[in-house]
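Notes follow the structure.
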Amino acid sequence: MERRIQVFLSDAGQFRDASKHKFIAEFADERIARHYVDYLFHKNQGKHKAIIVKEYTLSKMPEAKVTAVLAETGESLPVEEYTFTD
């Protein structure tokens, strides 16, 4: 099954609400996705944005799972401690 990685931005305080996520990009290659997330992090410093990374398998779309949230500080937030809404 083919995996995809989607990247979104949201205001730092609204990352739990999927309706507030702004779609930025989608990748099939995890390495490229990591480089892009790194680029976004540096580009958005000081703008109070969170970077949300979702992974899904093409056959299971739309069941995307949030796998990472990066705060403006660069800290990776523990996604298992948050509830995300659609």
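My numbering applies: residue 24 is where the sequence shown begins, and numbers increase by one. Don't be surprised by glycine CBs; every beta carbon is placed ideally from N, CA and C. Quantities reported herein were computed from a predicted structural model and do not represent experimental measurements.
| Asked | Found |
| --- | --- |
| Where the beta strand (DSSP E) through Ala48 begins and ends | 45-50 |
| Val76 versus Val92: straight-line alpha-carbon distance, rounded | 6 Å |
| Coarse secondary structure for Gln29, derived from DSSP in three states | strand |
| First through last residue of the beta strand (DSSP E) which encompasses Ala73 | 72-80 |
| Paired residues, beta bridge with Ala91 - DSSP | Val76 |
| Beta-ladder partner(s) of Asp34, from DSSP | Lys72 |
| Inter-residue spacing [alpha-carbon to alpha-carbon] between His44 and Phe38 | 7 Å |
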